[in-house]
Amino acid sequence: AFIGLGSLTPFPIVDGGVILKWTLVEQGRTPEQADKAVEQAGLAVSGAAAAAGVVMASRRRWGWAAGLLGLALLGVGMAKGKVR
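So the sequence shown is numbered by the numbering used here: it starts at 1 and just counts up by one.
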């Protein structure tokens, strides 16, 4: 599950978004629809990282919280195309 979830992060080193996009296109979606689905998947994974960061903060695990929240912000920026 971790590898599958991690592959949907919008980070170039583990970018499964390309595979997801072209799989969706093969299944009949337009490239624009597939791009939107990939963006939504990246935002969902970033949201999960943010939620995990909040949980870590509530448990006073500040290092983990900062790291997860930072990754969530970076993921949102990459999913929206603001960060490369």
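The beta-carbon is built from N, C-alpha and C at its ideal position, and this holds for glycine as well.
Excluding five sequence neighbours on each side, which residues of the same chain lie with their C-beta closer than 7 Å to the C-beta of D35? K21
Apply the 10 Å Cβ neighbour rule to A72 and answer buried if 16 or more other Cβ atoms are within range, or exposed otherwise. buried
On the premise that L69 lies in contact with V83, defined as a C-beta separation below 8 Å, what is that separation, rounded to the nearest angstrom? Incorrect: roughly 15 Å between the Cβ atoms, too far for contact.
So, are the CB atoms of A65 and M56 less than 7 Å apart? yes
Taking the CB atoms as reference points, tell me whether A79 and G28 lie closer together than 7 Å. no
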